[in-house]
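These protein sequence lines map, in sequence, to chains A and B.
Per UniProt numbering, the first sequence starts with residue 1, numbered consecutively.
Per UniProt numbering, the second sequence starts with residue 1, numbered consecutively.
For each residue, glycine too, the CB sits at the ideal point set by N, CA and C.
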Amino acid sequence: MKAFCSGTPVQAPRILPCGDSALSVEFGDTIDPEVNGRVLALDEALRRKPLPGILETVPTYRSLLVHFDPVAADFAELSQHLLSEAEGLAPQATSGRRWKVPVVYGGPNGIDLEEVAERHGMSPARLIELHSGAVYRIYMLGFMPGFAYLGGLDPRLATPRRVHPRARIPSGSIIIGGAQAAVASIECPSGWHLLGRTPVRSYDPGREPVFLFSAGDEIVFEPVGPSRWDALERAAEAGEPVAEQVTP
Amino acid sequence: MTALVIKSCGPMTSLQDRGRYGYQRFGVSPSGAMDRRGLAMANALVGNAPWTVAIEFVHLGGALTASGGDVLIALAGADCSLAIDGKAVAPRTAALLKEGQTAEVGHARRGTFAYLAAAGGFAVPASLGSRSLHLRSRMGGLDGRPLQANDRLDCAATGGPAPLMRLPDDPAPDDGPIRVMLGPQDDYFTPEAIRTFLESEFTVSSQADRMGFQLSGPVLEHAKGFNIVSDGIVEGHVQVPGSGQPIVLMRDRQTAGGYPKIATVIGADLDRLAQVRPGSPVRFRAVDREEAVAAARAFRSWVEALPRALVPVRLSPTTEDLLAANLIGGAVHALDPNVPE
């Protein structure tokens, strides 16, 4: 796997019990594209060829959570099956989908931008350049409906979380915390730093598809001016995805 | 259309069914009734399938009236009084709420979550396959919010002449330890911490809601720090943040989280934990998979057997009832001008 030069030794997956009706197939304990790629590959394999008794699967950074019916499925048998299934799989690089996500940086839409830039001794323009110059991988969705956890943040932007989390950040907030980045979907509490905001609704119950992004997708951010925001916001309000699919 | 109209209720009163499954991969919390036993009993009493949507009262009661027709209702779960126009309804007994009458649900005397079911359920739209409210994501419920005064819940069926039923047995009140299975991250704790967790008494703190129950008690010591890379969360997970005070994740939990989980409450005991009130003690006991699966199977059989456990209500009539009733059908007044000669 030349594409993954992470240096992390590949470890054999192990099964962790999560009560009587779930288990976690753990591939590692780090944030690493290869580990996540193995999680997504097993998830995809199970979606293509479902095992009896499995109710739903939840891919995370480093493990696949498998919910099953404890009356219909035998734990030992299921574990054996999952381990042998996981063994032969090549890590999934990405889903092949890349989204261009428009962002209005700074000002009222990104109240922490200037402070974060100052902290790293750079201009806000440079920060925007670094943040929007990267390709991000969606490692997982979680926390809130459609909330996307991203990898790929430029290490020069890594910023410890806020000492005092905010009780509420707006929907569509573009945020960073530690070495991670995220697109917040709906209004939620957060201790991360707000750099900007996108009109894109990664979760919209009135739209088909309800969820725009999946784990394994990629995101690139496109800085747009506040004047463009209004037009995009109206289009998003009307149910348009606004995020454009581009070729990787 | 027949409807129940809320006259008053506590701030966290909501609509709940079994929950919203299949979307945890997109970050959607399943939600659902905190006490599934209570939900299944209330529904069985009015002839519904066990996981039909019902009103979940949280500690505080409320009042509602029937509009546009009669509604067959039943209350189960936490121990709350139910009265119709001031007349008490026996526990675990269905009652006909006639048009214009008011049903009053009292405060919980034991437990926290009570379920009021109506025959046929409520005609509210489902979101992602469930009518359960998840407040944080404004999903389900009535327009994604809790219930409040003047809300109108259209009933999917009318009261009709269905016989009134009751459930003679309360599931035996079990005050024994809540059963857990160790893992998935019990290796993040010292053997001492695991022993402390299983041998100590904890108290459900005032920080207990549909999302999670914060417990207070002896500090559980981590063996290798408390920061893990976020992974998936299931209901019943007992996570231990830096404070060393465990939190049991309940129906409204987030789908992923970053603290090590020392153990997981077994599915069959989560309803019982949900009814432990803030300030009350709780203990845990580790069980093996065999016992947990046997308990899951027993719970399923119990739910399936509920309709067969119902018995008809034998009404003991009052003097007023007797005087109002035509007890000698067929008799007529000889001088009645309508009587044919």
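Do P145(A) and S185(A) count as a contact pair if the criterion is CB distance below 7 Å?
Cβ distance < 7 Å, so S185(A) and P145(A) count as in contact.
Where V276(B) and M1(B) are concerned, what is the direct C-alpha to C-alpha distance, given to the nearest angstrom?
38 Å
Could you tell me which residues DSSP pairs with Y139(A) in its beta bridges?
The partner list for Y139(A) (beta bridge, DSSP) is empty, contrary to what the question assumes.
Can you pull the chain A residues whose beta carbon is under 7 Å from the beta carbon of S127(B), in chain order?
P205
So C18(A) and V234(B) are supposed to be a Cβ contact under 8 Å. How far apart are they, rounded?
5 Å
As a quick exercise: from I138(A), Y139(A), G110(A), pick the residue whose alpha carbon is nearest that of A125(A).
G110(A)
Shorter than 7 Å from the beta carbon of V35(A) to some beta carbon of chain B?
no
To the nearest whole angstrom, what separates the beta carbons of E56(B) and T102(B), a pair I think is in contact under 8 Å?
Actually they are not in contact, since the Cβ atoms of E56(B) and T102(B) sit about 20 Å apart, beyond 8 Å.
Please report whether the beta-carbon of E56(A) lies at a distance below 7 Å from any beta-carbon of chain B.
yes
Less than 7 Å separating the beta-carbons of V242(A) and L232(A)?
Between V242(A) and L232(A), the C-beta spacing is below 7 Å.
With 7 Å as the threshold, decide whether the Cβ of V71(A) is near any Cβ in chain B.
yes
Who are the neighbours of I186(A) on chain B, taking C-beta pairs under 9 Å?
R136, S137, R138
So, helix, strand or coil for G32(B), using DSSP?
Coil, per DSSP.
With a threshold of 7 Å between beta carbons, is F26(B) in contact with chain A?
yes
Any beta carbon of chain A sitting closer than 7 Å to that of G61(B)?
Closer than 7 Å: no.
Could you give the C-beta distance for V311(B) and P50(B), rounded to a whole number, given that I count them as a contact under 8 Å?
In this structure V311(B) is not in contact with P50(B), their Cβ atoms being roughly 18 Å apart against a cut-off of 8 Å.
Taking S132(A) as the reference, which of Y139(A), G152(A), G96(A), M140(A) has the closest Cα?
G152(A)
Assuming V287(B) contacts I266(B) under a Cβ cut-off of 8 Å, what Cβ separation, rounded to an integer in Å, is found between them?
7 Å
Quick check: the segment 114 to 121 of chain A against the segment 203 to 210 of chain A, are there 3 or more CB pairs under 8 Å?
no
Does any CB atom of chain A fall closer than 7 Å to the CB of P184(B)?
yes
Rounded to whole angstroms, what is the Cα-Cα separation between T30(A) and G279(B)?
38 Å
Alpha carbons only, please: which of P70(A), Y105(A), F75(A), A93(A) is nearest the one belonging to L42(A)?
A93(A)
Could one say the Cβ of V229(B) lies closer than 7 Å to chain A's Cβ atoms, at least one of them?
yes
Does DSSP put F57(B) in a helix, in a strand, or in coil?
strand
I need the straight-line Cα distance from A74(B) to V25(A), nearest angstrom please.
A straight line joining the alpha-carbon of A74(B) with that of V25(A) spans about 43 Å.
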